[in-house]
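Following this note's numbering, the numbering of the sequence shown begins with 4 at its first residue and continues without gaps. For each residue, glycine too, the CB sits at the ideal point set by N, CA and C. Computed from a predicted structure; not experimentally measured. Below you'll find the structure, written out as structure tokens, and then a few comments.
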Amino acid sequence: MVSQKRMSNGEPKPPVGPHPSTIRVSAQYVSQAGVEQQLEQITGDAQERSLAEAKEDSLRLQGVQWIDVVRRALHLPVRTYTTACTYYHKFRLAHPPGTTTGDGYLWSDAAAASLLTACKMEDTLKKSREVLAASYNLKVSAAHEQLPADDPIFEQPSRIVIGLERLVLEAGSFDFRSRAPHQVLSKIARSLGKGEDVKKVHDLAWTALTDIYRTFAPLKHTASTLAFATLELAARLSAEEAVLQRLQQVSMPAWQTSRAEIMETELDSLDLYIQHTTSSILGSRYSLDDFLRIRLALNKECNDKSIPRYCVAPTPQAPTSQVQNGHPTPVSPPQPGSTQQSLQIPASAPEYAPVVGTGTLRFMLNPQLAKNERDQVESHFKEEWEEYEEEIEVPIPRSERPAPSTGPPSSRASSRDRRTEVKGEEPEKRRAIDERRELDRVRERERDRQRPRDRERDRDGHRDRHGRRYDDDRRRYDDRRYDERRYGEERRPREDRRYRDERR
4 MVSQKRMSNG EPKPPVGPHP STIRVSAQYV SQAGVEQQLE QITGDAQERS
54 LAEAKEDSLR LQGVQWIDVV RRALHLPVRT YTTACTYYHK FRLAHPPGTT
104 TGDGYLWSDA AAASLLTACK MEDTLKKSRE VLAASYNLKV SAAHEQLPAD
154 DPIFEQPSRI VIGLERLVLE AGSFDFRSRA PHQVLSKIAR SLGKGEDVKK
204 VHDLAWTALT DIYRTFAPLK HTASTLAFAT LELAARLSAE EAVLQRLQQV
254 SMPAWQTSRA EIMETELDSL DLYIQHTTSS ILGSRYSLDD FLRIRLALNK
304 ECNDKSIPRY CVAPTPQAPT SQVQNGHPTP VSPPQPGSTQ QSLQIPASAP
354 EYAPVVGTGT LRFMLNPQLA KNERDQVESH FKEEWEEYEE EIEVPIPRSE
404 RPAPSTGPPS SRASSRDRRT EVKGEEPEKR RAIDERRELD RVRERERDRQ
454 RPRDRERDRD GHRDRHGRRY DDDRRRYDDR RYDERRYGEE RRPREDRRYR
504 DERR
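Written out as structure tokens, the structure is:
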């Protein structure tokens, strides 16, 4: 049996020695349930949460737009942009608004820190001052108002960005594995053949893939899934049915993807183009009817093939009705005395909560290696024992005979002393003479109780047949032979008076 060591009061016994540290395994992908679980930290009310999520979407889109504009000004490649957006999304999920760390920074500072981290990862090195100077120079139109990177005005913002860089790395669990979805997109497009139609679809899909990093789709799916989804969306927008048919004939398991994942990614892109048209690149090139037409076709396919909206759907919180421009409100108020079921954290949700006061926080990429280390450490903090049940006969020792009593003889002992039972021995049998004596004593007490009181004049000096005198003050029979000291002072005046009467 294995159990945790506990103290006598039942509390867990504190470990001896230093803390073995805390391990956090990098979660490269997260499901929609995990994303919504992190966003639920903003607020608990349904309607307030809807407003907070809308604000969060706006800040997320502004941050990605800032990264895109600044990286174009710095002439950074698209892989730096995709890596920076991934870090920015993870940072926003790890530190949402309403928390201690979430309210202590601006979205622009977080975007600058994410872009700075991506530049170091993709070997497109830029200093924090250069990133801030590029952002500042985009706001001014005149050339003489632009500032160089070594201007003192960027000293304090540069320190803030460098400080946020550590939080960005922790949010990404120090996972420096980068993905190149645009390269995968080009490989899949080359497998479709050559032609102007394929080139047209490829160029449009390249832009759609850049737009899709404004959503959480890159955190949920692989690069091949993103490439397939954007190619299909581009083929539908350009009405290239031949390219679309050839794309659907490509083996999806060979690219480690599925139709459900591709459909989820396409619907996420359409939500971006329908709800935030001006915040995307392709949103302003096509009309809203084109996106709605594609959305209806995909919804029909999902219904016919029973494809869910999300591969890992979040748990519904409560029945809601879409009122007030789509803000979910409860259908009926909760009944008094009822308790709401707390949502369980899905297994796919990343562990973003920082560990405070529990030793060193370490990051690992291999989950199996982390599990083996945890098991090895826990073996030193658990004790093992085996329980056996065995019946043993224990003889009861015979008590010794008590020592003889030093009191009065048995003839004068009281009936209670004679009836006392000794453990392990039979009680002594009562004799006939003892019963007669006890009966005589009872009769004598009854006669004394029923005897009428003597008159006041006969009480003084009255003695019974045993020579005992009735004491008026104590109301009891007193034997002169066993006279005690406390009665001496009370009887002395009477004895002196009796002596004077006898002399007369």
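Relative to Glu59, the option among Thr83, Leu96, His78 whose CA is nearest is Leu96. Distance from Glu125 to Thr89 at the Cβ level is roughly 11 Å; contact not present, criterion being Cβ atoms closer than 8 Å.
Taking a contact as a CB-CB distance under 8 Å, the pair Val33 and Leu172 does not count as one, their CB atoms being some 18 Å apart. With fewer than 16 other Cβ atoms from the protein chains shown falling within 10 Å of its own Cβ, Pro151 counts as exposed. Of Val445, Asp437, Arg377, Asn369, the smallest CA-CA separation from Arg180 is found for Asn369. Val73 has its alpha-carbon roughly 6 Å from the corresponding atom of Ser138.
Between the alpha carbons of His205 and Tyr84 lies a gap of roughly 19 Å.
The beta carbon of Asp178 sits closer than 7 Å to those of Ser29, Gln31, Leu368, all from its chain and outside the five residues before and after it, given in chain order.
DSSP lists Arg365 as the bridge partner or partners of Ile26. Beta-bridge annotation (DSSP): Lys129 is not paired with any residue.
Nearest Cα to Leu62 within the set Ser189, Asp112, Ile26, Gln40: Asp112.
A Cβ-Cβ contact shorter than 8 Å links Arg312 with Leu270. Excluding five sequence positions before and after Ala220, the CB atoms of its chain that fall closer than 6 Å to its own CB belong to Thr268, Asp271, given in chain order. Rounded to the nearest angstrom, the gap between the Cα atoms of Leu141 and Glu235 is 35 Å. Taking a contact as a CB-CB distance under 8 Å, the pair Arg249 and Gly196 counts as one, their CB atoms being some 7 Å apart.
Gly37 sits in a helix when the DSSP states are folded into three classes. Note on geometry: alpha-carbon atoms of Leu54 and Ser382 lie some 48 Å from one another. The three-state reading of DSSP puts Ala183 in coil, since its state is none of H, G, I, E or B.
DSSP places Cys314 in the coil class of the three-state scheme, outside both helix and strand. Within the same chain, Leu62, Gln65, Gly66 come within 7 Å of Trp110 by CB-CB distance, once the 5 residues on both sides are set aside. Put simply, of Glu243, Gln41, Glu438 the residue whose alpha carbon is nearest the alpha carbon of Gly198 is Glu243. When C-beta atoms of the segment 226-233 are compared with those of the segment 273-290, fewer than three pairs fall below 8 Å, so the two segments do not count as touching. Cβ atoms of Ser241 and Leu207 come within 8 Å of each other, at about 6 Å. Rounded to whole angstroms, Thr260 and Ser254 show a C-alpha spacing of 9 Å. The alpha-carbon separation between Arg440 and Pro400 amounts to approximately 39 Å. Here the C-alpha atom of Arg262 lies approximately 20 Å from the C-alpha atom of Trp209. DSSP, read as helix, strand or coil, puts Gln248 in helix. The C-beta distance from Leu273 to Ile310 rounds to 15 Å, too long to fall under 8 Å, and the pair is not in contact. Where Leu96 is concerned, the enclosing alpha helix (DSSP H) starts and stops at 81-97. Leu42 places its beta carbon less than 8 Å from that of Glu56. As the crow flies, the alpha-carbon of Asp378 is around 15 Å from that of Arg27. Short of 8 Å from the beta carbon of Ile215, and not among the five residues preceding or following it, lie these beta carbons of its own chain, in chain order: Pro221, Leu229, Ala232, Thr233, Thr268, Asp271, Ser272, Leu275.
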